[in-house]
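Taking it in order: structure first as structure tokens, then the write-up.
Residue numbers (our numbering), protein chains in the order written: chain B, 121 to 588; chain A, 622 to 842.
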């Protein structure tokens, strides 16, 4: 019996997705940070070289004979060349008058303050000649005949080398980010699995239990699961109480109904022995029969309730069927003897079946009880336990045959229904539940009950078939 | 036969006591283990009927004590339905049989008889009259060289007659005691069993005589 459970989402999947998602975000942030940092560093180093170049050119500026003279040191431009094959541009001006170099280099607005002799350096990135250049500019004040002259030097370099370095670094950063992502994703999935494991362990330990195992869950669980296990345990306890109560109720009800009936019956029997008038005896006999009938019906009804109850919680155990049948036969022998009936067990094929022994005993008991009731006195009831093959199905059959009237052909299909009794059973005390009980027990065990008449001679034959 | 019934349900106990007394048995009733122990230490019983759930303890502990003291009196345990799974345990503890409450008296009687036969075989209950030996527990009758295994109804009829020799038993009375009420038998059915017993008793000094219009009587020499 399994009821589909409404599952809204998987904690494991959700946790994995969340952790993998955060790993992806972190990896991207790492990638961007590394790239930015690399760009900054490479720009910084280009700026430093450009600055050094500008400074050395400015340093070489001097006044010779009232003229501004700038000797560009060789090192000033060569220090730029060894970085890469980027092109280098420069411009030298005095008081915004172009002196030498590339006149069309972008202008730098300089708000120099007059008291600053070394000038202020400025760094710009600008487009120039279909390329992007990084340019450093600085000024220096010289005095020509008492007049201050501002010497401006700009040195610029294209950024191709820097770009290739950046590309290299970004490749490394991508690999780094991906690696980081893969490792964190693996860790995330592992973490999700580990955190869900106690849940599945609990599920397995509960589902592995037998139907009668109603002990509370006692194995240690994580703190977060304590409320769940607590409510599970209290549910188990409630279930146990209600199961015990139903079982007790069935037993108690049988007791409450049948004990007073037994008392009344004995009183009637005592009176019967003292009564001589035939019509009084007849009435008393009717009364005793009715008491027997109700007592039996009550017993069978509660037996039936017990069988229904137990088939709902079928407790399977492996056992030897022939031994159980032999046991039942031995137990029923004293009852059969009351009518001088012998029960003969003709065959005891071995074969283990798995089932609820109490239920199967009850089925066999009911069939034997019927056989004893409907068999004429001083006859033999035969019991056969026999291995059998029904097509591909292998099983074992218990056949119980009496020498009574047998089943009425029209009845036999309906006889296993509740409270249905055969047309020829009117003279025998019965409840119409015996075959119902046996049939239900057989169905619960995947077996079958069939009603036949004996092939040779008279009598009914009931077969209980158990598949292996 | 002397029975001890250990049962705390007063109604059920009275019913059992009355019913067994009808068949001429003596039944002592103990409502708890203490009373039962009192009885068993002073009296010898033929059979003990023991309930499991008793006000002052578990019937199984009484059973264990009983067997420990080498007391051989057979015990039939009366179990309630909820104790079904304990049945086997009861047999292991030394019970001779069990019967599920609430039970039919016919079944109880039949089980008592079966247990008594299995346990004691034969004993004080054997009747010896001349060349006749009647062993009601074994269900056998020996007349001279002739050995007969009696059928159940024959045995019970002979038992009833031997229980009160020279007393007249009416046919209806015998039918009541021999057949259960769900068997529809005419009073003439008794004649069949009387005829069989007469044949068995042939050659012995014991006679079953018909008292016209009244019934049957067992006459001893």
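Ideal placement from N, C-alpha and C gives every residue a C-beta, glycine not left out. The structure displayed is predicted, hence computed values, not measured ones.
To which residues of the same chain is residue 852 (chain A) closer than 7 Å at the C-beta, ignoring the five residues directly before and after it?
As shown, chain A starts at 622 and ends at 842. That puts residue 852 (chain A) outside it, with no answer to give.
State buried or exposed for residue 826 (chain A), treating a residue as buried only when at least 16 other CB atoms are found within 10 Å of its CB.
So residue 826 (chain A) counts as exposed.
Using a Cβ-Cβ distance under 8 Å, would residue 457 (chain B) count as near chain A?
Yes, residue 457 (chain B) lies at the interface with chain A (some Cβ there is under 8 Å from its Cβ).
Using a Cβ cut-off of 9 Å, pull out every chain A residue sitting near residue 379 (chain B), in sequence order please.
Near residue 379 (chain B) (Cβ distances below 9 Å), the residues of chain A are 630, 632, 633, 636, 722 and 723.
Can you look up residue 220 (chain B) in the DSSP assignment and give me helix, strand or coil?
Correct three-state label for residue 220 (chain B): strand.
Exposed or buried, residue 482 (chain B), counting other C-beta atoms within 10 Å across all chains shown (16 or more means buried)?
Buried: at least 16 other Cβ atoms inside 10 Å.
8 Å is my cut-off, CB to CB: does residue 743 (chain A) come that close to chain B?
Because the pLDDT at residue 743 (chain A) is just 48, under 50, the model does not fix this residue reliably, and the value given afterwards should be weighed accordingly. So no, residue 743 (chain A) is outside the interface.
Straight-line gap, residue 660 (chain A) to residue 788 (chain A) (C-alpha atoms, nearest Å)
Using only the alpha carbons, I get a separation of about 33 Å.
Could you tell me whether any Cβ in chain A is nearer than 8 Å to the Cβ of residue 121 (chain B)?
With a pLDDT of only 48 at residue 121 (chain B), under 50, the local geometry of the prediction cannot be trusted, and no value is derived from it.
If contact means a Cβ-Cβ distance below 8 Å, which residues of the region 459-478 of chain B contact chain A?
Within the region 459-478 of chain B, the qualifying residues are 459, 460 and 478.
Counting only beta-carbon separations shorter than 8 Å, does residue 732 (chain A) have a partner in chain B?
Yes, its Cβ sits closer than 8 Å to a Cβ of chain B.
Would residue 497 (chain B) and residue 460 (chain B) be called neighbours here (beta carbons separated by less than 8 Å)?
Going by C-beta atoms, residue 497 (chain B) is nearer than 8 Å to residue 460 (chain B).
Considering only C-alpha positions, which residue in the set B:526, B:293, B:210 and B:507 is nearest to residue 156 (chain B)?
Distance from the Cα of residue 156 (chain B) is smallest, within the candidate group B:526, B:293, B:210 and B:507, for B:293.
Cut-off 7 Å between Cβ atoms - residues of its own chain near residue 806 (chain A), not counting five sequence neighbours on either side
Taken in chain order, the residues that qualify are 796 and 800.
So the beta strand (DSSP E) residue 768 (chain A) belongs to, where does it begin and stop?
Residues 767-770.
Indicate whether residue 225 (chain B) and residue 207 (chain B) have their beta-carbon atoms separated by less than 8 Å.
Contact: no.
Where do the N-terminal and C-terminal ends of the alpha helix (DSSP H) with residue 194 (chain B) fall, by residue?
Where residue 194 (chain B) is concerned, the enclosing alpha helix (DSSP H) stretches over 194-201.
Just to confirm, are residue 765 (chain A) and residue 752 (chain A) a CB contact at a threshold of 8 Å?
Yes, the pair counts as a contact, with Cβ atoms nearer than the cut-off.
Partners in chain B for residue 802 (chain A), counting only beta-carbon separations shorter than 7 Å
Within chain B, the residues near residue 802 (chain A) are 405, 408, 409 and 412.
What does the alpha-carbon distance come out to for the pair residue 433 (chain B) and residue 441 (chain B)?
Roughly 21 Å between the two C-alpha positions.
Taking buried to mean at least 16 other C-beta atoms within 10 Å of its own C-beta, is residue 588 (chain B) buried or exposed?
That one is exposed.
Whole runs of the beta strand (DSSP E) within the region 379-457 of chain B, excluding any shorter than 3 residues
DSSP runs (the beta strand (DSSP E)) wholly in the region 379-457 of chain B: 437-440.
With residue 629 (chain A) and residue 652 (chain A) assumed to form a contact (beta carbons below 8 Å), what rounded beta-carbon distance in angstroms separates them?
Residue 652 (chain A) and residue 629 (chain A) do touch by the CB rule: their CB atoms are close to 5 Å apart, below 8 Å.
contact_flag[the region 333-345 of chain B, the region 314-324 of chain B] where n(CB pairs < 8 Å) is 3 or more
Touching, yes.
Along chain B, in chain order, which residues have C-beta atoms closer than 7 Å to that of residue 728 (chain A)?
Neighbourhood of residue 728 (chain A) in chain B, by CB distance below 7 Å: 455, in chain order.
Only counting the same chain, and skipping five residues up and downstream in sequence, which positions put a Cβ closer than 8 Å to that of residue 545 (chain B)?
Within the same chain, residue 545 (chain B) has close Cβ partners 494.
Nonlocal neighbours in the same chain, by C-beta distance under 6 Å from residue 763 (chain A), ignoring five residues either side
The residues are 754.
For residue 497 (chain B), which residues does DSSP report across the bridge?
Under DSSP, residue 497 (chain B) shares a beta bridge with no residue.
Integer Cβ distance of residue 518 (chain B) from residue 500 (chain B), believed to fall under 8 Å
Approximately 17 Å separates the beta-carbon atoms of residue 518 (chain B) and residue 500 (chain B); this is outside 8 Å, ruling out the contact.
Where does residue 837 (chain A) land, buried or exposed, given buried means 16+ other C-beta within 10 angstroms?
Result: buried.
Would you mind reading off the limits of the beta strand (DSSP E) that contains residue 472 (chain B)?
Segment 472-475, the beta strand (DSSP E) holding residue 472 (chain B).
Classify residue 191 (chain B) as buried or exposed, calling it buried when 16 or more other Cβ atoms lie within 10 Å of its own Cβ.
Around the beta carbon of residue 191 (chain B), fewer than 16 other beta carbons lie within 10 angstroms, which makes this residue exposed.
9 Å Cβ cut-off: residues of chain B touching residue 643 (chain A):
Result: 386, 389, 390 and 393.
By DSSP, does residue 214 (chain B) sit in helix, in strand, or in coil?
Looking at residue 214 (chain B) - three-state DSSP - the assignment turns out to be strand.
So which of B:327, B:324, B:554 and B:467 has the shortest CA-CA distance to residue 418 (chain B)?
If we check each option's Cα against that of residue 418 (chain B), B:554 comes out closest.
Which word fits residue 326 (chain B), buried or exposed, when buried means at least 16 other C-beta atoms lie within 10 angstroms of its C-beta?
Exposed.
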